[in-house]
Amino acid sequence: MRNIFLFIKSTRFRIHFIISLVAGFVILWVSFKSLNIFTHHGIAITVPDFSNIKTEDIGKFIADKQLRFEVVDSVFDSKVAAGVVIKQDPEKNSSVKQKRIIYLTVSAKMPPLVKMPNLVDASMRQALALIESYGLKAGKREYRADPCVNCVLAQIIKGKKVEAGTMIPKGSIIDVVIGKGEGDEKINIPCMIGLPHKDALDKIAENGLSQGAVICNDCKTSADKENAKVYKQIPDCSSDMINPGNAIDLYLSIKTKAIPPTSDATDEK
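When you number the sequence shown by numbering that gives the first Met the number 0, it's gap-free, plus one each residue, and the end is 268.
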């Protein structure tokens, strides 16, 4: 034990101890410096805006920005050009480190394919719901004499009948042929007064009629039109009966004062 205390008090021990402390400090300093250099600590880059840049131009656009990119998804959007960036992560103007990967979503050049639903024998209301649920669009309606009133007789794309199960581009416009009964059968005019825009269109379809003009003078946006209600229709609810397939014009307003109260007679219709 005495020898240990003597060694600790010796000059040799003190020299080795100081050398060890200095060496440890140097190693830690070099390690932290290397880590800062490797991780680019303290160096921030502002993420540029990749919106609408073509896929083939992304590499050139990012070449001098000390960033990397990866295309992680493609989404079809008919409202934007094909093959351009529509989303990025991190967002533009974010601060990131050098060599950060920017994840990009681009617009697909072709829409995905979906199966054509079976609309034949369905009511017009059911057909519209199916068309919407498959990401398709309702097109023109043609009415033909048939015992099945308001039933879909055929489903058509670009003038050709399409069988259920056929793979078609999402967003395709589906025209339908609808039965209107036999002879000169007429139907009551449904009342749409006070109904929201979409509900009014559904009611028109349910009754085997077609949409005419839709007018909303005080609607500023598409959202206004969706929230607006019917204050007038032509022909009106009190008119004589009409043939299936006839068009109903709707007048909408976002002002509730413009919508007249419905009478009992009107409600019965």
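Just so you know, even glycine gets a beta-carbon here, dropped at the ideal spot from N, CA and C.
Environment of residue i [buried if 16+ CB atoms lie within 10 Å]
{"i": "Ser252", "result": "buried"}
{"i": "Tyr142", "result": "buried"}
{"i": "Pro111", "result": "exposed"}
{"i": "Met240", "result": "exposed"}
{"i": "Ile100", "result": "exposed"}
{"i": "Tyr230", "result": "buried"}
{"i": "Val151", "result": "buried"}
Through-space distance from residue j to residue i, alpha-carbon basis
{"i": "Val83", "j": "Ser50", "result": "7 Å"}
{"i": "Ala107", "j": "Cys218", "result": "33 Å"}
{"i": "Val70", "j": "Lys64", "result": "17 Å"}
{"i": "Ile155", "j": "Ala43", "result": "57 Å"}
{"i": "Ser171", "j": "Asn149", "result": "22 Å"}
{"i": "Ser221", "j": "Ala81", "result": "24 Å"}
{"i": "Met191", "j": "Ser77", "result": "32 Å"}
{"i": "Lys136", "j": "Lys96", "result": "45 Å"}
{"i": "Lys269", "j": "Ser209", "result": "Residue 269 cannot be examined here, being either before or after the span of the chain that is shown, 0 to 268."}
{"i": "Lys139", "j": "Pro243", "result": "14 Å"}
{"i": "Ile17", "j": "Lys98", "result": "41 Å"}
{"i": "Gly58", "j": "Gln87", "result": "15 Å"}
{"i": "Asn216", "j": "Phe68", "result": "47 Å"}
{"i": "Ser9", "j": "His15", "result": "10 Å"}
{"i": "Lys91", "j": "Ile247", "result": "48 Å"}
Simplified DSSP state of residue i, which is helix, strand or coil
{"i": "Leu27", "result": "helix"}
{"i": "Gln154", "result": "strand"}
{"i": "Ser298", "result": "Because the chain here runs from 0 to 268, residue 298 falls outside it and cannot be looked at."}
{"i": "Asp239", "result": "coil"}
{"i": "Asp63", "result": "coil"}
{"i": "Val21", "result": "helix"}
{"i": "Ile57", "result": "helix"}
{"i": "Glu267", "result": "Model confidence at Glu267 stands at a pLDDT of 42, short of 50, so the residue's coordinates are unreliable; what they give is reported in the following sentence. It is helical."}
{"i": "Ala80", "result": "coil"}
{"i": "Ile186", "result": "strand"}
{"i": "Leu200", "result": "helix"}
{"i": "Lys254", "result": "coil"}
{"i": "Ile14", "result": "helix"}
{"i": "Ile233", "result": "strand"}
{"i": "Ile52", "result": "coil"}
Beta bridge counterpart(s) of residue i as assigned by DSSP
{"i": "Thr45", "result": "Ser94"}
{"i": "Met166", "result": "Lys114"}
{"i": "Ile177", "result": "Tyr142 and Val151"}
{"i": "Val74", "result": "Ser106"}
{"i": "Ala246", "result": "Ser209"}
{"i": "Pro195", "result": "Lys228"}
{"i": "Ile172", "result": "Lys136"}
{"i": "Ile214", "result": "Tyr250"}
For the stretch 97-162, which segments carrying the beta strand (DSSP E) assignment without a break, of at least 3 residues, lie completely within its bounds, in sequence order?
100-106, 112-114, 136-143 and 151-156
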